[in-house]
Every structure is written in structure tokens, then in C-alpha cells.
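Novice: Going down the list, the protein sequences come from chains A and B. Mind the numbering: the first sequence is residues 1 to 241 in the working numbering, read in order. Mind the numbering: the second sequence is residues 1001 to 1417 in the working numbering, read in order. All C-beta atoms in this analysis are idealised placements derived from N, C-alpha and C, irrespective of residue type, glycine included. Structure below; questions to follow.
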Amino acid sequence: MMSGGISGLAGLAVGILASALLAGGKLAANEIGDADRGRDVFRACAPCHQVGADATNRVGPQLNGIFGRKAASVDTYVYSKSLARAGSDGLIWDLVRLDAYLENPKALVSGTRMNFRGLKDKQDRDDVLAYLRLFSDDPANIPEAQPTARPAEVDLPPEILALVGDPDYGEYLGSECQTCHQGDGSDAGIPAITGWPDEDFVVAMHAYKQKVRPHPVMQMMAGRLSDEEIAALAAYFGGLE
Amino acid sequence: MTFHRRTFLGATAASLAAPMVMGQGSPRVVVIGGGAGGATAARYVAKDSKGAIDVTLIEPSRSYYTCFFSNLYIGGFRELSSLAHSYGTLAADYGVNVVHDWAIGIDRDAKTVSLAGGGQVPYDRLILSPGIDFVDGSVPGWSLAAQNAMPHAYKGGSQTELLKAQVEAMPQGGVFAMIAPPNPYRCPPGPYERVSMVAHKLKAENPTAKILIVDPKEKYSKQALFEEGWQAHYGGMIERIGPDFGGASVEVRPDAMEVVIDGEVEKVDVCNVIPAMKAGRICDLAGVSEGNWAPVVPATMQARADDNIHVLGDATSQGDMPKSGFSANSQAKVAAMAVRGALTGSKVFPARFSNTCWSLIDSDDGVKVGATYEATEEKISKVDGFISQRGEDADLRKATYEESLGWYAGITADMFG
Ligand SMILES: Cc1cc2nc3c(=O)[nH]c(=O)nc-3n(C[C@H](O)[C@H](O)[C@H](O)COP(=O)(O)OP(=O)(O)OC[C@H]3O[C@@H](n4cnc5c(N)ncnc54)[C@H](O)[C@@H]3O)c2cc1C
């Protein structure tokens, strides 16, 4: 179940917790990253994205002003249903969400059409975001603009991702979800949650719980689940096809 | 058919006159009412006990027409046939004995249910989810005998169809009146969603028509959202008379199609009377009601009056939960777990409940309200909640409507398999 490949996702979970813990304003003052190096990292994005004065939509939308931009809001670009839904739900591209999306696009927006496996290296993400920051409003001029400082790292107890859920409990807890999410995995307007890898499921639920993912219903549902309960649900739904 | 076999088996078991003992046949659960609460409970007990419990569902109708989304049918967003659900899968795939009949009496000492068609069905645990009936005389001048002239359309199926036909037959510039119910009643936003859907239809077909709501309540569910939406979409069409202006002292005259509000006579073309409600009559017959509703133990949904009977959905006094299909479905899962625990010793976890109610105000303009709940000693009590905000953008309202379609597909699959 909770085998390999956790470290990257743990990073995302750390980011989530960090943002929640530091929301009180104790942001460390270091810059996001090295924008010059970020220009090189952006080569990985360039086949699909443009930035700068003449930027147009290519495979993906242009990324000018991405900080503080509502997800899926470039009028001239046709987005996936999932990213459009996240946008309607209120997903705004701030540092934490951009970092999460670039690390693992599908953990933040399950059905996104961005076919990019993600930047696992934290330094790469920091640097490319510092570069993209150059094409967004300058926070020195606009007080409400997105902060350029990255919160200091916080250690997330690895137990959270290593928890193995009780499938019986998961089945009972999961019955509550099935008023909306169909057990057979069909999607008639509410996404399917069956057969996901455990880690993705756990990260998605924590993202709702920490209000990193928007959506009031899911924030409320996840809000009262303990870490063990989320693990139990991941085990149960992961086993449904 | 199956039912006769069951009666027979049951009679034999009952004559043993011993408390249920494992090994002497499976324990028997009887569910009365195949709606949001009852169908869910029957399915979960049958599914999760994997054949260890014998489940019988007693429901007179062969097709269940959901009340939820019936307003969307009135507005022209759904076909009536899309609201009908059969019990075929519950019988075929889950092994539930579906008996199409009315329960007319319950003998709590003998633990049997009697049927209108004759015969007794024995139970070890009984689950009641009969929905609502109307309080006699709550709207002077109206009785069930007048339901064709002035429909309630508050139970699914033919009443909804009749009300829609009457709206379509209104003369140009005519008046649609609604007598709104006092608290508590099923689906708190339901009457106001209905007004929205009637307005949507009239705006297209009969734009000079008027809608008059006569309401005994000071305020109602999602009021700010409805009022904002009515202003934006149907400006000037809808008028509401609250209790300050006589909304609580109303009389109807079905023969003359008149509504008398605080002594003033209004001539109307359609009159939708939604009377005060109480638990389905079988709760009275079982002796589990206190006043209009059946009190329950929140952790298990057992009737306060009898440990062998669980009551679900609209019929219960449910503490902080609103009477909704979602709530009934949520309570059914708690009851199913408690029933299995009692009869087969399966694991029992702490009860948790939730509810979300969507309402459609106009095309692609959906709103929602929801909450989570837990069982405390004295009631089902609210933990957390949310409600749509005024002035939300069109994208979000459309997404909200679309997720309500997902919910309808989800809950009906959860009820009927
Ligand atoms: C216009 C309208 C809109 C609504 N919209 C929503 C919505 O959007 N979302 C939502 O969650 N809820 C909604 N509801 C509320 C929802 O329909 C009810 O709360 C829900 O159906 C309650 O479930 P229940 O099991 O208590 O009763 P019901 O679903 O009414 O089921 C009761 C069943 O018991 C049967 N029965 C009764 N007496 C007997 C007897 N003696 N013997 C055998 N069978 C019997 C009946 O035939 C019926 O099938 C709406 C209701 C209305 C009227």
C-alpha cells in the first residue's frame, strides 16, 4: 500500500501543513528561489507554455500574471473539465498551490490535462516559480499581491503517510461518501474516487482538510476526519474498481 | 410469490416462540417504506451482512418517484420518467424480499407487521421509514379530498404531474398561489425551489402571470439566496405574504378557487397547498410517535419507545438535521450498522451524519447548504456547516448545479443499487 515514491508527496503534504501553520504571518523572509536558474528549468515547460510580452496559448495556456490568477481563467484557452471545476470552486494560484501543482499535477487537480509528470526536485520548483514570479505583479507595488517569500520547512511526522487504514472502518466511513461519489466509479457530475493510489487519495483529502483545495462540501467532509480515518478511506476506496 | 414463502417461514419461526438464536435461521429485518431512508437501509443491511440477515422491504408502489428533483421536472429540466426507480436490483442483486403492500399494523409484543393484503410478517428488528403524512385541518378548507383541485405535490409522482399540468393550463396573466407549510417539514428549501421553477416556466410561457406565496413563517431556508435570485431572474413576478401580513391566517376554498388571507378574498388559478406535516401514520399505529414525530436515540436511530424498532428520515424528530432525502439516507447507514451489530455482532463505529441540499433558482444557477452532525445523548447535533453566498459568480453557480446532478445519480444508486 504505502510503498515507495512517498517522499515527493510527503513534500507536498509538508507544504500544506507549513502554509496552515504559518498562516499567522511568521513567514521566513527568504526569496522563493533563483530566477536565473529558473529560466533554465522553464525549458521543461516551454514546449507547452509561454511567458513574456508576446506570450500566446500553446498546448497549455500562457502563464503571465499566474500568481494570484484564478485557475483556468484565460478566456481564449479551453481547459480540462477538472481544472475548470477547480477554478469555479475558487482555486487561486498562490505559491502553495502552484508548488503543489508543479510537484504532482494530478494530486492537486486529479483530471488535469497537463501531461507533465511534475518537478520532484524542490529546488527546481522554487527556481521556476521565482522565474514565473517575474511575469506577475510586483508585490512591492501591490500590497495584496502574492508573497514572494517561502515559508520555512516544517517536519511532517512521516507516520501520517505511513498509516495503514482499517478497511472495515473505511467501509463504514465510506458509506457517507457514497451519497455523492458512486461506488462503481461513474461520474455524473461528481468525480470518481475509486481505485486511486493510496498516497494520492491521502494527499487530496489532507489538501481539502487544510483548505488548500477549494470546495466547501469537501472541506467540511475532510475537516472532521482524523489521519487514521483518511487512511482507512484511502484503503477502502483504493480497493474498489 | 416470495412473500408467501416468507410468511410461511416466518409463521414457523414465530411459533418457536424463543428469542432469536443463531443457527435457527437467519435473523429477520423488516423495513417499512422503500424511500430515501428505507431503500438505503434495506440495501445496506442486505449488502453488508452478506446473506446473514433476511431482509424484507414493504412498500406499496412498484416505482418510487423521488420528491427530490421533482421541482426540476416542474421547471422543465427533467423528465418525469427520470425520477422513477424500481426495486428490481434490490430484489435480484441484494436478495431483498420486496413486498408490494401497505403495512397496516404492528404488534410490538409478537414482533409482527400486518399487511393490508392479509398476513403477518415477523421481525427481529423493524425499520420504519414511512415519510410524512399531513396534519388534518392545518389549512382550513383543505383536506385530502381537495388534493386534485389544490394539489400538495409534496409526495412524488402523480401529484407533481398534476401540479405541472395546472401551471401549463393557467390563463395568461393568471395567479399561482402557494400556501407554504409551518416548521418542521420535509425539505426546508423545497417550497421556494418550487416557486423558482414555476417562475422559470411562467417567464417563458406566461410572463405576465403572478406568483403569490402565503407563508406562516417569519423566515425560511436560503431566504437571502432565493430573494436575490428572484430579484435578478424574475423581478416583480413573485410576492410573499409573511405572518406580519396575514400569512399565518389563511383559508382556502377549493370549489371556488379562492384563497382568503386575513379575511381578504383572492381569486387564483392554481393553488399549491402544502399543509403542516407529521410522521407517516404507521408510526402512530406502532405507538412510537410523541406528538407529530417519532423520537429516536441518535446513536442508533432506535425509537425511544421500543429498542426493536428503528425510525428514519422525515418521520423522526431528528434534532438539528433537516428533513431531507440526504438526511434519511445518512441516518439509514447508521441504523443499518446498529442493526447488524445487534443481530450478527458485527463491528459498530460511532455514528456520523451529514446533509447537503441543492436548490436550482434558474438555469445553471444552483445553490447549496450543508452540514455534518454527530450523535449526542439527547439529539443529533450539528458539527460544522456551509451555505452558498450571495453574489457568487456564474461559473460557481453552474458548477454547483452540475454537482447536484452528480448527487442525484449518487444517492439513487446508493438507495436502489
Ligand atoms: C418538492 C420536494 C423537493 C425535495 N428536494 C430534496 C432535495 O433536493 N434533496 C433532498 O435531500 N431531499 C429533498 N426532498 C425531501 C425528500 O424527498 C424526503 O426528505 C425524503 O424522501 C424522506 O425519506 P423517507 O424515507 O423519510 O420518506 P420517503 O422517501 O417519502 O419514503 C417513504 C415511503 O414509505 C412508503 N410508506 C408509507 N407508509 C407506508 C406503509 N404504511 N406501509 C408501507 N409503505 C409505506 C411510501 O410509499 C414511501 O415510498 C424534497 C421533497 C420535496 C417534496
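Using 8 angstroms for Cβ pairs, my map puts R85 of chain A next to A1399 of chain B. What's the rounded Cβ distance?
Specialist: R85 of chain A to A1399 of chain B, Cβ: 6 angstroms. Contact.
Novice: Is Q1172 of chain B buried or exposed, if buried means 16 or more other CB atoms sit within 10 Å of its CB?
Specialist: Its Cβ having fewer than 16 others within 10 Å, Q1172 of chain B is exposed.
Novice: Any heavy atom of ligand 3 inside 7 angstroms of the beta-carbon of Y1123 of chain B?
Specialist: Looking for ligand 3 in the displayed structure turns up nothing; the ligands present are ligand 1.
Novice: Output the distance between the C-alpha atoms of D1124 of chain B and R1352 of chain B, rounded to the nearest integer angstrom.
Specialist: Cα to Cα, the separation comes out at about 25 angstroms.
Novice: Within this structure, are the beta carbons of S1221 of chain B and V1369 of chain B separated by less than 8 angstroms?
Specialist: Yes, these two residues count as a Cβ contact at 8 angstroms.
Novice: Run through DSSP, which three-state label would S1324 of chain B get?
Specialist: S1324 of chain B falls in the coil class under three-state DSSP.
Novice: Looking at the structure shown, is Y1073 of chain B part of a helix, part of a strand, or coil, going by DSSP?
Specialist: If DSSP states are grouped into helix, strand and coil, Y1073 of chain B belongs with the helices.
Novice: Is there contact between the stretch 1330-1350 of chain B and the stretch 1047-1058 of chain B, where contact requires at least three CB pairs shorter than 8 angstroms?
Specialist: Short answer: they touch.
Novice: My guess is that F1182 of chain B and P1140 of chain B are in contact by the Cβ rule of under 8 angstroms, so how many angstroms apart are they, rounded?
Specialist: The displayed chain sequence assigns Pro, not Phe, to residue 1182 of chain B. Their Cβ separation, rounded to whole angstroms, is 14 angstroms, which puts P1182 of chain B and P1140 of chain B out of contact at 8 angstroms.
Novice: Can you tell me whether G1406 of chain B is helix, strand or coil according to DSSP?
Specialist: It is helical.
Novice: If we require 3 or more residues per run, which beta strand (DSSP E) segments fall completely within the stretch 1037-1087 of chain B?
Specialist: Qualifying beta strand (DSSP E) stretches, in chain order: 1054-1058, 1063-1065, 1084-1086.
Novice: Strictly below 8 angstroms CB to CB, what residues from chain A border W1407 of chain B?
Specialist: Correct list: T179, C180, G189, I190.
Novice: For G65 of chain A and F135 of chain A, what's the separation of their Cα atoms in angstroms?
Specialist: C-alpha separation (whole angstroms): 6 angstroms.
Novice: Considering just the uninterrupted stretch of the beta strand (DSSP E) at G1370 of chain B, what are its terminal residues?
Specialist: Taken as a continuous stretch (DSSP letters only), the beta strand (DSSP E) holding G1370 of chain B covers 1365-1375.
Novice: In this structure, does DSSP put F201 of chain A in helix, strand or coil?
Specialist: Residue state, collapsed to three classes: helix.
Novice: According to the neighbour-count rule (16 or more other Cβ atoms, all chains shown, within 10 Å of its Cβ), is E171 of chain A buried or exposed?
Specialist: Buried, since its Cβ has 16 or more Cβ neighbours within 10 Å.
Novice: Using the Cα positions of V202 of chain A and D94 of chain A, report the straight-line distance between them to the nearest angstrom.
Specialist: The alpha-carbon atoms of V202 of chain A and D94 of chain A are separated by roughly 22 angstroms.
Novice: Do T1040 of chain B and N1355 of chain B count as a contact pair if the criterion is CB distance below 8 angstroms?
Specialist: Result no, Cβ atoms of N1355 of chain B and T1040 of chain B do not sit closer than 8 angstroms.
Novice: Among residues of its own chain, excluding the 5 on either side of K1267 of chain B, which ones have a beta-carbon nearer than 7 angstroms to its beta-carbon?
Specialist: Answer for K1267 of chain B: M1257, E1258, listed in chain order.
Novice: Could you tell me which chain E residues have their CB closer than 7 angstroms to the CB of A1413 of chain B, listed as they occur along the chain?
Specialist: As a matter of chain content, chain E is missing from the structure shown, whose protein chains are A and B.
Novice: If you draw a straight line from the C-alpha of T968 of chain B to the C-alpha of A55 of chain A, how long is it?
Specialist: The structure shown does not extend to residue 968 of chain B, since chain B spans only 1001 to 1417, so no value can be given for it.
Novice: Please check the pair N1148 of chain B and M1170 of chain B, which I expect to be a contact at CB under 8 angstroms, by giving their CB distance rounded to whole angstroms.
Specialist: N1148 of chain B to M1170 of chain B, Cβ: 16 angstroms. No contact.
Novice: 8 angstroms is my cut-off, CB to CB: does G1345 of chain B come that close to chain A?
Specialist: No, because no Cβ of chain A sits closer than 8 angstroms to the Cβ of G1345 of chain B.
Novice: Measuring only between beta-carbons, confirm whether M218 of chain A sits less than 8 angstroms from chain B.
Specialist: It does not; no Cβ of chain B falls within 8 angstroms.
Novice: Does the beta-carbon of G1417 of chain B have 16 or more other beta-carbons within 10 angstroms, so that it is buried, or is it exposed?
Specialist: By the 10 Å Cβ count, G1417 of chain B comes out buried.
Novice: With contact counted as at least three CB pairs below 8 angstroms, one residue from each stretch, are the stretch 1029-1037 of chain B and the stretch 1057-1072 of chain B in contact?
Specialist: Segments in contact, yes.
Novice: Write down the C-beta distance between S965 of chain B and I1104 of chain B rounded to the nearest angstrom, noting that I regard them as a contact closer than 8 angstroms.
Specialist: Look at the range of chain B in this structure, 1001 to 1417, and you will see that residue 965 of chain B is not part of it.
Novice: Leaving aside the five residues before and after S1327 of chain B along the sequence, list all residues of the same chain whose C-beta is less than 6 angstroms from its C-beta, in chain order.
Specialist: Counting only Cβ-Cβ distances below 6 angstroms, and skipping sequence neighbours, we find M1321, N1355.
Novice: How about P147 of chain A: is its C-beta nearer than 8 angstroms to some C-beta of chain B?
Specialist: Caution applies to P147 of chain A, whose pLDDT of 45 falls short of 50 and renders its modelled position unreliable; the value that the coordinates give is listed next. Chain B, which has no Cβ nearer than 8 angstroms to the Cβ of P147 of chain A, makes this no.
Novice: Taking only three categories from DSSP, how would you classify E1228 of chain B?
Specialist: It is helical.
Novice: Have a look at B:W1142, B:A1146, B:N1071 and flag the residue whose alpha-carbon is nearest the alpha-carbon of T1160 of chain B.
Specialist: Among B:W1142, B:A1146, B:N1071, the Cα nearest to that of T1160 of chain B belongs to B:N1071.
Novice: At 7 angstroms on the CB atoms, spell out the chain B contacts of Y172 of chain A, in chain order.
Specialist: Residues of chain B passing the Cβ test: M1337, F1349.
Novice: Return the CA-CA distance between G1341 of chain B and L1405 of chain B, expressed in angstroms with no decimal places.
Specialist: C-alpha separation (whole angstroms): 34 angstroms.
Novice: Counting only Cβ pairs nearer than 9 angstroms, list the residues of chain A close to Y1185 of chain B.
Specialist: Result: empty, since nearest Cβ-Cβ is about 21 angstroms, beyond 9 angstroms.
Novice: Considering only the alpha carbon of each residue, which of A:L161, A:V96, A:L240 lies closest to S195 of chain A?
Specialist: Here the sequence assigns Gly to residue 195 of chain A, which means Ser is not the residue at that position. Cα-wise, what sits closest to G195 of chain A is A:L240.
Novice: Taking only beta-carbon atoms, is K1333 of chain B less than 8 angstroms away from chain A?
Specialist: It does: the Cβ of K1333 of chain B has a partner Cβ on chain A nearer than 8 angstroms.
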